Each structure stands twice: as C-alpha cells, then as structure tokens.
Amino acid sequence: MENQGIKDPLIIIVSGPSGVGKDTILNNMKKITNFYFPITVTTRPIRKNEKNGIDYKFISINLFKNMIVEKEFIEWAKVYEHYYGVPKSEIQYAKNKNLDIILKTDIQGAFTIKEIIPESITIFLSPPNIKELSNRLNNRKTEDKISLEKRLQTSEYEMNQSSKFDYNIVNKTGKINLTIDKIIKIIDKEIKHNIL
1 MENQGIKDPL IIIVSGPSGV GKDTILNNMK KITNFYFPIT VTTRPIRKNE
51 KNGIDYKFIS INLFKNMIVE KEFIEWAKVY EHYYGVPKSE IQYAKNKNLD
101 IILKTDIQGA FTIKEIIPES ITIFLSPPNI KELSNRLNNR KTEDKISLEK
151 RLQTSEYEMN QSSKFDYNIV NKTGKINLTI DKIIKIIDKE IKHNIL
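Okay, so the sequence shown: first residue is 1 according to this note's numbering, each after it adds one.
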C-alpha cells in the first residue's frame, strides 16, 4: 500500500563515549523539541538526580533477562557490568503517534539498530579530547577509579568507531547549546530529505 503523504517517523540515534554529555544534551532537547525520546531500560543503580521512568526505567536483572527471552528489545547490551536495552514497545509507540524519534544508545547499540533500520540516522558525539573526557568523568563523581579507567579505555575504542556514523559532532565544554543547534540542524535536513 502506498504511503498517502504520511512519512515514516525519522529515527535519530545519538551515541558517544561515557561522559561526553549525551544525557545533558538530550534532557535539554526534551524541553525545546517535539521529538519522542524512548526510555532505555537498565539494571544499573539509579544515580542522584535521576528519576525512574524519566531518565531510565530501572529494573532487576531477572526482569531484564525475562525481557530478553520474550524478545522485547530492539537492541540490548551489557555495558560496564550492567544491562541496557531499548524496548520495541517504545519505538512502536512513537511510530503509532507518527513522532520522530531521538534515541540514545551505546556504540554497539547504534550499529545494531542501523542494521535493523538502515534508514535511521546516526550521530556520534565526541569530547574535544581524551583529557577533557577524563575531567568530565572525574567531575561527575559516579565511578570509582577502576570503573573510570575502564570507561576511558573503552572511549578510545569508541572514538575510533566515529567514522562509521552518519554525522560527527564535537561537544565542546560549556557549549551545549551549540551542540544542540548542530543536532537540530542535522534533524531538520534529514526531515526535509525524508519528505521529498
């Protein structure tokens, strides 16, 4: 059946190393855009200032594993000893409402979704440099020394994968609004392309 002038919702995947500012950027974008932001399910402990059902859906490992068995995720992964997954129901909800989607995943998740939904658009956020990323992770005070080292080692690998993304944006320190503007310009361009 032909699409009677109704476009499929656009799926924008935002990824990048831990500490690059993904949560801060997307939380700010929620206030100024009409996009749908699917809520990721995780088994990691809730952090100070996070809200269950808004930042993430925090669930037990047993419940998460049951969701895997029931094939309820579009993609899931174990990252830094905790499980993260994007429920299919979140994507379906946005599609039913014809809402464009902005989704935050890790690098592997971005590649998995791009494989399943080739028309999705991937944006890689990177820090100005590794030293700056290290400072951000230290200032966040959410990881112990071993976890911090692991995240920094992983981030070097992740930054080497950035060329596989459709777009790359450097999230400069103190310039979140500039990064948001760049993301919105990319989305506007892709929406126009999607309509044509």
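We put the beta carbon where it would ideally sit given N, CA and C, even for glycine. The structure displayed is predicted, hence computed values, not measured ones.
Between the C-alpha atoms of residue i and residue j, what's the straight-line distance to the nearest angstrom?
i      : j      : result
GLY19  : ILE169 : 15 Å
THR43  : ASP55  : 13 Å
VAL86  : ILE39  : 7 Å
ASN160 : GLY16  : 11 Å
GLY115 : LYS65  : Residue identity differs from the one stated: residue 115 is Glu in this sequence, not Gly. Going from the Cα of GLU115 to the Cα of LYS65 covers about 23 Å.
TYR157 : THR173 : 21 Å
LYS131 : ILE117 : 34 Å
TYR134 : LEU152 : Inspection of the sequence shows that residue 134 is occupied by Ser rather than by Tyr. Looking at the two C-alpha atoms, the distance is approximately 7 Å.
ILE191 : GLU119 : 12 Å
LYS88  : LEU137 : 31 Å
MET67  : ALA77  : 12 Å
LEU10  : GLN92  : 12 Å
ASN96  : HIS193 : 21 Å
ILE184 : ARG47  : 28 Å
ASN52  : PRO45  : 10 Å
GLN108 : ASN27  : 22 Å
SER147 : THR154 : 11 Å
Can you name the residues that DSSP bridges to residue i?
i      : result
GLU75  : VAL86
ILE180 : Answer is none; ILE180 lacks a bridge partner.
ASN168 : PHE124
Does residue i get closer than 9 Å to chain B when you measure Cβ to Cβ?
i      : result
THR179 : Structure shown: chain B not included; a single protein chain is present.
Measuring CA to CA, which of the options is closest to residue i?
i      : options                      : result
ILE180 : MET29, LEU10, ASN135, ALA110 : MET29
THR24  : GLU50, LYS57, LEU99, ILE46   : GLU50
PHE37  : LYS182, LYS71, ILE146, ASN98 : ASN98
ASN111 : LYS150, PHE165, LYS31        : According to the sequence provided, residue 111 is Phe. The question's Asn does not apply to it. Comparing Cα-Cα distances from PHE111 to each of LYS150, PHE165, LYS31, the minimum goes to PHE165.
Could you check how far apart the C-beta atoms of residue i and residue j are, in whole angstroms? I think they sit under 8 Å.
i      : j      : result
PHE35  : ILE101 : 7 Å
ILE59  : VAL79  : Not a contact, Cβ separation roughly 15 Å.
LEU103 : ILE12  : 7 Å
TYR84  : ASP106 : 7 Å
ASN171 : PRO127 : 6 Å
ILE113 : ILE74  : 6 Å
LYS22  : LEU125 : 6 Å
Q | Unbroken stretches of the beta strand (DSSP E), 3 residues or longer, contained in the region 5-78 | A | Runs found: 11-15.
Contained beta strand (DSSP E) runs [length at least 3] in the region 98-152, N- to C-terminal order
Here the runs fully enclosed are 101-104, 121-126.
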